[in-house]
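See below for the structure under consideration.
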Amino acid sequence: MASAQDLALERLQLAATDRRADNVRYRQDQLQALHKALREAAASILSDTISQIDSVLRSLLLKALDFNTFCITKTVTDQSILDTGILVDQTASGPRATLTNQLLSSSKARAIAVVDRTANIEEAAKAIAKARFSFGGTSPYAPDLVLINEFAKKEFFEACSKYATLSFAKESTIKKTSGNQNEATRKAVKDAEDRRQVSSFGSNDFKLVDILDKWVYSIFTKT
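Quick note on numbering: the sequence shown equals residues 22 to 244 in the working numbering.
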(Lines of atoms letter the chains of each structure in order from A; the text may use other names.)
(Lines give C-alpha, C1' and ligand atoms only; values in the text may rest on other atoms or scores of the structure.)
Protein backbone atom coordinates (compact mmCIF):
# COMPACT_ATOMS: atom_id res chain seq x y z
CA MET A 22 0.00 0.00 0.00
CA ALA A 23 1.38 3.40 -0.97
CA SER A 24 1.89 5.92 1.81
CA ALA A 25 0.19 9.30 1.90
CA GLN A 26 3.53 10.92 1.04
CA ASP A 27 4.03 8.65 -1.98
CA LEU A 28 0.53 9.35 -3.31
CA ALA A 29 0.90 13.10 -2.89
CA LEU A 30 4.29 13.08 -4.62
CA GLU A 31 2.94 10.90 -7.45
CA ARG A 32 0.05 13.31 -8.06
CA LEU A 33 2.49 16.20 -8.21
CA GLN A 34 4.71 14.36 -10.70
CA LEU A 35 1.74 13.47 -12.92
CA ALA A 36 0.57 17.06 -12.83
CA ALA A 37 3.95 18.18 -14.13
CA THR A 38 3.80 15.58 -16.92
CA ASP A 39 0.31 16.37 -18.22
CA ARG A 40 0.78 20.14 -17.72
CA ARG A 41 -1.84 20.49 -15.00
CA ALA A 42 0.98 21.97 -12.95
CA ASP A 43 0.88 25.00 -15.24
CA ASN A 44 -2.19 26.00 -13.26
CA VAL A 45 -0.83 27.87 -10.24
CA ARG A 46 -3.78 27.04 -8.01
CA TYR A 47 -3.59 23.33 -8.83
CA ARG A 48 0.15 23.31 -8.19
CA GLN A 49 -0.33 24.99 -4.82
CA ASP A 50 -3.02 22.49 -3.83
CA GLN A 51 -0.77 19.53 -4.64
CA LEU A 52 2.20 21.03 -2.81
CA GLN A 53 0.01 21.64 0.23
CA ALA A 54 -1.20 18.04 0.11
CA LEU A 55 2.40 16.82 0.02
CA HIS A 56 3.36 19.14 2.87
CA LYS A 57 0.41 17.91 4.96
CA ALA A 58 1.34 14.27 4.38
CA LEU A 59 4.95 14.90 5.37
CA ARG A 60 3.93 16.93 8.40
CA GLU A 61 1.66 14.19 9.68
CA ALA A 62 4.40 11.57 9.64
CA ALA A 63 5.48 10.81 13.18
CA ALA A 64 7.82 8.62 15.18
CA SER A 65 7.21 7.77 18.81
CA ILE A 66 10.15 6.95 21.05
CA LEU A 67 9.37 4.16 23.52
CA SER A 68 12.34 2.54 25.20
CA ASP A 69 12.26 -1.10 26.25
CA THR A 70 10.96 -1.09 29.82
CA ILE A 71 9.04 -3.41 32.11
CA SER A 72 6.24 -0.85 32.32
CA GLN A 73 2.89 -2.41 31.45
CA ILE A 74 1.64 0.97 30.19
CA ASP A 75 4.45 1.19 27.62
CA SER A 76 3.68 -2.32 26.43
CA VAL A 77 -0.03 -1.56 26.01
CA LEU A 78 0.70 1.74 24.25
CA ARG A 79 3.09 0.06 21.85
CA SER A 80 0.46 -2.50 20.90
CA LEU A 81 -2.47 -0.08 20.59
CA LEU A 82 -0.64 2.63 18.66
CA LEU A 83 0.69 0.21 16.06
CA LYS A 84 -2.83 -1.14 15.50
CA ALA A 85 -4.59 2.23 15.43
CA LEU A 86 -2.27 4.40 13.31
CA ASP A 87 -1.16 4.26 9.67
CA PHE A 88 2.19 2.43 9.58
CA ASN A 89 3.18 4.53 6.56
CA THR A 90 3.16 7.70 8.65
CA PHE A 91 3.87 6.40 12.16
CA CYS A 92 6.51 4.22 13.75
CA ILE A 93 7.83 3.36 17.20
CA THR A 94 11.56 3.45 17.83
CA LYS A 95 13.83 3.01 20.85
CA THR A 96 15.85 6.09 19.94
CA VAL A 97 16.49 8.51 17.06
CA THR A 98 20.05 8.52 15.74
CA ASP A 99 19.47 10.06 12.31
CA GLN A 100 20.60 13.68 12.71
CA SER A 101 18.60 14.77 9.65
CA ILE A 102 15.39 13.79 11.44
CA LEU A 103 16.38 15.76 14.51
CA ASP A 104 17.33 18.75 12.35
CA THR A 105 14.13 18.89 10.29
CA GLY A 106 11.50 17.35 12.55
CA ILE A 107 9.74 18.66 15.63
CA LEU A 108 10.67 16.88 18.84
CA VAL A 109 7.78 16.63 21.31
CA ASP A 110 9.49 15.99 24.65
CA GLN A 111 7.33 14.61 27.48
CA THR A 112 10.25 13.83 29.77
CA ALA A 113 12.12 17.14 30.16
CA SER A 114 11.29 19.58 32.92
CA GLY A 115 12.75 22.65 31.22
CA PRO A 116 13.70 24.04 27.79
CA ARG A 117 16.87 23.01 26.00
CA ALA A 118 18.69 25.92 24.46
CA THR A 119 20.32 23.75 21.80
CA LEU A 120 17.04 22.75 20.16
CA THR A 121 14.82 25.34 18.50
CA ASN A 122 12.42 22.77 17.07
CA GLN A 123 11.51 21.25 20.42
CA LEU A 124 8.02 21.24 21.92
CA LEU A 125 7.91 20.54 25.63
CA SER A 126 4.79 18.64 26.68
CA SER A 127 5.07 17.97 30.38
CA SER A 128 2.84 15.23 31.77
CA LYS A 129 2.28 17.53 34.76
CA ALA A 130 0.72 20.27 32.63
CA ARG A 131 -3.03 20.75 32.28
CA ALA A 132 -4.65 18.42 29.74
CA ILE A 133 -7.06 19.94 27.23
CA ALA A 134 -9.97 18.25 25.44
CA VAL A 135 -11.66 19.81 22.40
CA VAL A 136 -15.28 19.00 21.58
CA ASP A 137 -15.87 19.56 17.87
CA ARG A 138 -18.99 21.41 16.74
CA THR A 139 -20.19 18.25 14.96
CA ALA A 140 -19.64 15.97 17.96
CA ASN A 141 -22.30 13.93 19.72
CA ILE A 142 -22.50 16.06 22.87
CA GLU A 143 -23.90 13.30 25.07
CA GLU A 144 -21.17 10.83 24.06
CA ALA A 145 -18.46 13.49 24.37
CA ALA A 146 -19.55 14.42 27.89
CA LYS A 147 -19.70 10.76 28.90
CA ALA A 148 -16.21 10.05 27.53
CA ILE A 149 -14.68 13.15 29.12
CA ALA A 150 -16.24 12.46 32.52
CA LYS A 151 -14.97 8.88 32.40
CA ALA A 152 -11.47 10.03 31.44
CA ARG A 153 -11.49 12.63 34.21
CA PHE A 154 -12.48 10.29 37.02
CA SER A 155 -10.90 6.99 35.99
CA PHE A 156 -7.80 5.76 37.85
CA GLY A 157 -8.82 7.68 40.94
CA GLY A 158 -8.74 10.95 39.03
CA THR A 159 -4.93 10.92 38.98
CA SER A 160 -4.18 10.20 35.32
CA PRO A 161 -1.88 12.87 33.79
CA TYR A 162 -4.03 12.72 30.66
CA ALA A 163 -7.34 13.27 32.44
CA PRO A 164 -8.87 16.39 30.81
CA ASP A 165 -8.71 19.50 33.00
CA LEU A 166 -9.94 21.96 30.41
CA VAL A 167 -12.67 21.41 27.81
CA LEU A 168 -13.04 23.76 24.84
CA ILE A 169 -16.45 23.82 23.15
CA ASN A 170 -18.54 26.08 20.92
CA GLU A 171 -20.89 28.43 22.72
CA PHE A 172 -24.03 27.10 21.03
CA ALA A 173 -23.43 23.65 22.56
CA LYS A 174 -22.29 24.85 25.97
CA LYS A 175 -25.58 24.45 27.86
CA GLU A 176 -26.25 20.93 26.58
CA PHE A 177 -22.65 19.90 27.21
CA PHE A 178 -22.58 21.35 30.73
CA GLU A 179 -25.79 19.55 31.68
CA ALA A 180 -24.51 16.26 30.27
CA CYS A 181 -21.17 16.69 32.03
CA SER A 182 -22.94 17.39 35.32
CA LYS A 183 -24.87 14.13 34.98
CA TYR A 184 -21.95 11.93 33.99
CA ALA A 185 -19.52 13.58 36.42
CA THR A 186 -21.89 12.82 39.29
CA LEU A 187 -22.29 9.20 38.17
CA SER A 188 -18.55 8.72 37.59
CA PHE A 189 -17.61 10.28 40.90
CA ALA A 190 -20.09 8.07 42.75
CA LYS A 191 -18.50 4.95 41.20
CA GLU A 192 -14.88 6.02 41.67
CA SER A 193 -14.65 6.03 45.46
CA THR A 194 -10.83 6.17 45.25
CA ILE A 195 -11.05 9.77 44.04
CA LYS A 196 -12.05 10.92 47.52
CA LYS A 197 -8.89 9.37 48.95
CA THR A 198 -6.59 11.19 46.55
CA SER A 199 -8.20 14.61 46.88
CA GLY A 200 -8.12 15.47 50.57
CA ASN A 201 -7.03 19.04 51.23
CA GLN A 202 -4.26 19.06 48.63
CA ASN A 203 -5.99 21.52 46.35
CA GLU A 204 -7.27 24.12 48.77
CA ALA A 205 -5.83 26.83 46.52
CA THR A 206 -8.00 25.59 43.64
CA ARG A 207 -11.12 25.61 45.81
CA LYS A 208 -10.38 29.15 46.93
CA ALA A 209 -9.73 30.33 43.36
CA VAL A 210 -13.08 28.93 42.20
CA LYS A 211 -14.89 30.51 45.16
CA ASP A 212 -13.28 33.90 44.53
CA ALA A 213 -14.17 33.73 40.83
CA GLU A 214 -17.77 32.86 41.71
CA ASP A 215 -17.96 35.83 44.06
CA ARG A 216 -16.83 38.05 41.17
CA ARG A 217 -19.40 36.34 38.92
CA GLN A 218 -16.68 35.23 36.54
CA VAL A 219 -17.67 31.57 36.78
CA SER A 220 -20.48 29.30 37.89
CA SER A 221 -19.86 25.82 39.24
CA PHE A 222 -21.56 22.53 39.98
CA GLY A 223 -20.29 19.81 42.28
CA SER A 224 -19.16 19.21 45.83
CA ASN A 225 -16.14 19.77 48.03
CA ASP A 226 -14.44 16.88 46.24
CA PHE A 227 -14.96 17.88 42.61
CA LYS A 228 -16.37 20.77 40.63
CA LEU A 229 -17.46 21.34 37.07
CA VAL A 230 -16.76 25.01 36.40
CA ASP A 231 -18.32 27.09 33.63
CA ILE A 232 -16.33 30.22 32.82
CA LEU A 233 -18.71 33.06 32.01
CA ASP A 234 -16.93 34.79 29.16
CA LYS A 235 -17.45 35.39 25.46
CA TRP A 236 -14.76 32.76 24.83
CA VAL A 237 -16.81 29.94 26.20
CA TYR A 238 -15.35 26.80 27.65
CA SER A 239 -15.87 24.51 30.60
CA ILE A 240 -13.29 23.13 32.96
CA PHE A 241 -13.09 20.01 35.10
CA THR A 242 -10.97 20.54 38.16
CA LYS A 243 -10.18 18.30 41.08
CA THR A 244 -10.69 20.14 44.34
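Heads up, the beta-carbon is just placed ideally off N, CA and C, and yes, glycines get one too.
Here the structure is a predicted model, which is why all the values come from computation and not from measurement.
- DSSP places Ile149 within a helical segment (H, G or I) once states are collapsed to three.
- For Ala185, the enclosing alpha helix (DSSP H) stretches over residues Lys174 to Lys191.
- Counting only the Cα atoms, Leu233 lies some 11 Å from Arg216.
- Contact between Leu166 and Arg131 holds: CB atoms are separated by about 6 Å, below the 8 Å threshold.
- Residue pairing from DSSP places Phe222 in a beta bridge opposite Leu229.
- If the five residues before and after Ala185 are omitted, its C-beta is found closer than 6 Å to the C-beta atoms of Ala150 and Leu229, all from its own chain and listed in chain order.
- By the neighbour-count definition (other C-beta atoms within 10 Å, threshold 16), Ile169 is a buried residue.
- The alpha-carbon of Thr105 is positioned some 42 Å away from that of Ala209.
- With a cutoff of 7 Å on beta-carbon distance, Ala163 and Ala152 are scored as near each other.
- For Ala134, the enclosing beta strand (DSSP E) starts and ends at Ile133 to Val136.
- Collapsing the DSSP output to three states places Thr159 in coil.
- Asp212: member of the alpha helix (DSSP H) spanning Glu204 to Asp215, first to last residue.
- Setting aside the 5 residues that flank it on each side, Leu124 is surrounded in the same chain by Ile107, Leu108, Val109 and Asp110, each with a C-beta closer than 8 Å to its C-beta; the list follows chain order.
- DSSP places Thr96 in no beta strand (DSSP E); its state is neither H nor E.
- Counting along the chain, the unbroken beta strand (DSSP E) around Asp110 starts and ends at Leu108 to Asp110.
- The criterion of a C-beta distance shorter than 7 Å is not satisfied by Ile142 and Glu171.
- Contact between Phe178 and Phe154 does not hold, since the beta-carbon distance rounds to 17 Å and is not under 8 Å.
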